[in-house]
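Contents: one structure, followed by commentary.
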Amino acid sequence: MARKKREIAEINAGSMADIAFLLLIFFLVTTTMDIDKGLNRLLPPIEEDKPEIQDQIKEKNIFVVVINANNQLLVENEYMEISELRESAMEFIDNNGDGSCMECGGDQSPTSSDNPKKAIISISSDRGTSYDMYVSVTNELMAAYHELRDDLCMRKWGKDYDTIKEEAKDAEDDSEAKDRYKYVQEVYPLLLSEAEPKSVG
Amino acid sequence: MSHIKKEKARETPAVSTASLPDIVFMLLFFFMVATTMREVELKVTVGKPSATEIQKLERKDLVCYVYVGAPKTDYQAKFGTEPRVQLDDQIAAVSEVGFFVTQVRSDIAEAEQSKMTVSIKADGNVKMGLISDIKQELRQVNALLINYSTQPVVDAEKMFESNM
């Protein structure tokens, strides 16, 4: 009484595509592509009793960048295009007026900054300045620091700053990679200060 | 009989759609990996400015978002056309930013509260007056780590250089 072997019925997979499409469309609708990227900045804390630091900083160690309501740049009391900003900021930071910075290749001009540790860039914007302009100016100034750090890293270790930073991130404490990163930051500390907002029209 | 059978076999067989689910699943997985969940429904238009010195926000759970921009057309009757601040799903006043940020911060583990970043997603056309007000609010509540959300610049010249 051997029966004929029954064939296993094939599962109909036609609806599988529909299900997958449904899921796909759900994801298309509920998700976004944009990745969170941006300029990281640190705001100064509000201090009740303000220390009179302003008096201790020499005038020549401050690089004053002012943006007016018409999105025009005034750098060290001179009108400037944004395309020139990075170059002149780099010149200012790297000036090395007192010769204490071993890594700097600046002009040592007596009217510009003493050394990168003392050089402060101050940005002030008007209430009418557009956010676009403000971001581009901040970006250019950060780029100036980035370029100087890149140069230093290339000269010393033949790698760019981002590589040094990545290496330091994964490395253990008191390793060579961490020290390198620290050294670069010590030579060119990012000193971007923002003036207290003024409500001038 | 055999004659009829032969006739039937000549018909073109149905196209197999068995690989269709696979293809769709592949697309699905791509989208699942490449995108992120939309957190809030944007009521303001945010056309981010672009910049080159951008850093990625590493810890998503430690980020608090503040959206700034002109209300979208649907909401203009209610909120006007001037740039407004959006917190979570609602359009709010600038003075509420501080409270909002402290609330978000209280949900974060205490050890990591100091690492919280406030991401300002503002439209390029917003005036700095509003942004400064927000920054003052943030300083008041001691939320000092901020991130100006921007888009990367597609720099043709740089790309060319790196390919050399």
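If you're matching them up, the sequences are chains A and B in order.
Heads up: the first sequence runs through residues 1 to 201, numbered per the numbering used here.
Heads up: the second sequence runs through residues 1001 to 1164, numbered per the numbering used here.
C-beta: ideal position from N, C-alpha, C; glycine also.
With 16 other Cβ atoms within 10 Å as the buried cut-off, status of residue i
{"i": "A:M11", "result": "In the sequence as presented, Met is not what sits at residue 11 of chain A; that position holds Ile. Label assigned to A:I11: exposed."}
{"i": "A:S112", "result": "buried"}
{"i": "B:N1163", "result": "Unreliable positioning characterises B:N1163 in this predicted model, as indicated by a pLDDT of 46, which lies under 50. The coordinate reading is nonetheless provided below. Exposed is the call here."}
{"i": "B:A1051", "result": "buried"}
{"i": "A:P45", "result": "exposed"}
{"i": "A:M133", "result": "buried"}
{"i": "B:D1123", "result": "buried"}
{"i": "A:L42", "result": "exposed"}
{"i": "B:V1126", "result": "buried"}
{"i": "A:P116", "result": "buried"}
{"i": "B:S1132", "result": "buried"}
{"i": "A:D24", "result": "Before going further, note that residue 24 of chain A is Leu rather than Asp in the sequence given. It is buried - the Cβ of A:L24 has at least 16 other Cβ atoms within 10 Å."}
{"i": "B:M1128", "result": "buried"}
{"i": "A:K5", "result": "exposed"}
{"i": "A:S83", "result": "exposed"}
Beta-carbon spacing of residue i, residue j below 8 Å
{"i": "B:K1135", "j": "B:L1062", "result": "no"}
{"i": "A:L165", "j": "B:I1054", "result": "The sequence shown places Lys at residue 165 of chain A, not Leu. Contact flag unset, no."}
{"i": "B:K1043", "j": "B:K1072", "result": "yes"}
{"i": "B:V1141", "j": "B:V1101", "result": "yes"}
{"i": "B:P1083", "j": "B:L1138", "result": "no"}
{"i": "B:G1028", "j": "A:F92", "result": "It should be noted that the sequence gives Leu, not Gly, for residue 1028 of chain B. No, these two residues do not count as a Cβ contact at 8 Å."}
{"i": "B:L1145", "j": "B:T1117", "result": "yes"}
{"i": "A:D98", "j": "A:G106", "result": "no"}
{"i": "A:V184", "j": "A:C153", "result": "yes"}
{"i": "A:V65", "j": "A:V135", "result": "no"}
{"i": "A:R180", "j": "A:A168", "result": "yes"}
Any chain B beta carbon closer than 8 Å to residue i
{"i": "A:L23", "result": "yes"}
{"i": "A:I46", "result": "yes"}
{"i": "A:F27", "result": "yes"}
{"i": "A:V187", "result": "no"}
{"i": "A:Y131", "result": "yes"}
{"i": "A:V75", "result": "no"}
Residue i at chain A interface by Cβ criterion, 8 Å
{"i": "B:E1112", "result": "no"}
{"i": "B:A1014", "result": "no"}
{"i": "B:G1124", "result": "yes"}
{"i": "B:E1053", "result": "yes"}
{"i": "B:A1070", "result": "no"}
{"i": "B:R1105", "result": "no"}
Partners in chain D for residue i, counting only beta-carbon separations shorter than 8 Å
{"i": "B:P1152", "result": "The displayed structure is made up of protein chains A and B, and chain D is not among them."}
Residue i: CB within 7 Å of a non-hydrogen atom of the ligand PLP
{"i": "A:S124", "result": "This structure does not include the ligand PLP; it has no bound ligands of any sort."}
> Would you call the segment 61-73 of chain A and the segment 115-123 of chain A touching, i.e. three or more CB-CB distances under 8 Å?
Replying inline: yes
> What are the uninterrupted segments assigned as beta strand (DSSP E) that are 3 or more residues long and contained completely in the segment 1062-1118 of chain B, given in chain order?
Replying inline: 1063-1069, 1084-1087 and 1090-1092
>> Contact between the segment 1019-1035 of chain B and the segment 1065-1079 of chain B is defined here as three or more beta-carbon pairs at a separation below 8 Å; is this criterion met?
In response: no
> Along the chain, which unbroken stretches of the beta strand (DSSP E) at least 3 residues long are found entirely within the segment 128-173 of chain A?
Replying inline: none
> What runs of the beta strand (DSSP E), each 3 residues or longer, lie entirely inside the segment 55-126 of chain A?
Replying inline: 62-67, 73-75, 78-80 and 120-125
> Between the segment 189-196 of chain A and the segment 136-145 of chain A, do three or more beta carbon pairs fall short of 8 Å?
Replying inline: yes
> In the segment 1019-1068 of chain B, which residue ranges form an unbroken alpha helix (DSSP H) of at least 4 residues, counting only runs that do not cross its ends?
Replying inline: 1020-1034
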